[in-house]
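Here the structure is laid out as structure tokens; the discussion comes afterwards.
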Amino acid sequence: MAQRGGLQDASFEVVDLRREYPQHRGSVALLDVLQFIPPDAQARTLDAAVAMLTPGARLVIRTGLADGSRRARVTRAVDVVSRAVGWMVSGPTRYPEPDALRARFEAAGLHATFTPLYGRTPFNNWRIVATRPG
Numbered sequence: 002m003a004q005r006g007g008l009q010d011a012s013f014e015v016v017d018l019r020r021e022y023p024q025h026r027g028s029v030a031l032l033d034v035l036q037f038i039p040p041d042a043q044a045r046t047l048d049a050a051v052a053m054l055t056p057g058a059r060l061v062i063r064t065g066l067a068d069g070s071r072r073a074r075v076t077r078a079v080d081v082v083s084r085a086v087g088w089m090v091s092g093p094t095r096y097p098e099p100d101a102l103r104a105r106f107e108a109a110g111l112h113a114t115f116t117p118l119y120g121r122t123p124f125n126n127w128r129i130v131a132t133r134p135g
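According to the working numbering, the sequence shown holds residues 2 to 135 in order.
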């Protein structure tokens with residue numbers, strides 16, 4: 002698919018982030034991943050992703066956030082119901098906290114931006130881009 006889109010250097014891998022990480026150098030995308038793995042695995046995954054970033058590379062994350070907002074509560078409630086009725090194979094274990102993510106990225110020397118993606122929906126979806134200066 003990436004090659005058809007003119008992205009010859011792009012690759013996609015399916016891995017269990019509770020156990021392993023791909024061998025990669027450059028930009029990394031974690032789309033709807035973090036909330037589905039335990040907090041200790043979230044930390045290891047973020048550390049591994051940050052270590053993969055080369056100068057100028059970006060870590061792009063799409064996730065809900067545990068920010069205490071009404072949207073966060075609605076997102077969590079819908080996820081619980083979705084899991085209960087079988088729409089989701091597994092439910093979220095823990096949504097990342099925005100302040101903890103900011104602190105982790107700052108400690109790694111990354112510049113991070115947090116952009117809400119919820120539009121007119123009641124959900125708490127965010128795009129986070131952490132860039133390694135380069």
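The beta-carbon is built from N, C-alpha and C at its ideal position, and this holds for glycine as well.
These numbers come from a predicted model, not from an experiment.
Inset, instruction - Take every Cβ of the segment 71–82, pair it with every Cβ of the segment 50–58, and state whether three or more of those distances are shorter than 8 Å. - result: no
Legend entry - As assigned by DSSP and simplified to three states, the class of Phe13: Locating residue 13 in the sequence shown gives position 12, where the first residue counts as 1. Note: Phe13 maps to coil in three-state DSSP.
Legend entry - C-alpha distance - Gly69 paired with Pro99, whole-angstrom precision: Position 68 of the sequence shown, counted from the first residue, corresponds to residue 69. Position 98 of the sequence shown, counted from the first residue, corresponds to residue 99. C-alpha separation (whole angstroms): 10 Å.
Inset, instruction - Please confirm whether Arg133 and Leu47 have their CB atoms less than 8 Å apart. - result: Reading the sequence shown from its first residue, position 132 is the one you call residue 133. Reading the sequence shown from its first residue, position 46 is the one you call residue 47. Not closer than 8 Å, so no.
Inset, instruction - Could you name the residues of the same chain whose beta carbon sits closer than 8 Å to that of Pro23, not counting the 5 residues immediately before and after it, in chain order? - result: Translated into positions along the sequence shown, residue 23 becomes position 22. Taken in chain order, the residues that qualify are Glu14, Val16.
Inset, instruction - Could you check the C-alpha separation between Ser28 and Pro39 for me, to the nearest Å? - result: Position 27 of the sequence shown, counting from 1, holds the residue named residue 28. Position 38 of the sequence shown, counting from 1, holds the residue named residue 39. Roughly 23 Å between the two C-alpha positions.
Inset, instruction - Look at the Cβ atom of Asp41, then the Cβ atom of Thr64, and state whether they are nearer than 8 Å. - result: Taking the sequence shown and counting its residues from 1, one reaches residue 41 at position 40. Taking the sequence shown and counting its residues from 1, one reaches residue 64 at position 63. No; because the gap between Cβ atoms is not below 8 Å, this pair is not in contact.
Legend entry - Contact under 8 Å by Cβ, Pro93 with Gln43: Taking the sequence shown and counting its residues from 1, the one referred to as residue 93 is at position 92. Taking the sequence shown and counting its residues from 1, the one referred to as residue 43 is at position 42. Not closer than 8 Å, so no.
Inset, instruction - Just the C-alpha distance for Ala101 and Ala11, rounded to the nearest angstrom, thanks. - result: Counting from 1 along the sequence shown, the entry for residue 101 is found at position 100. Counting from 1 along the sequence shown, the entry for residue 11 is found at position 10. Taking the straight line from one Cα to the other gives about 29 Å.
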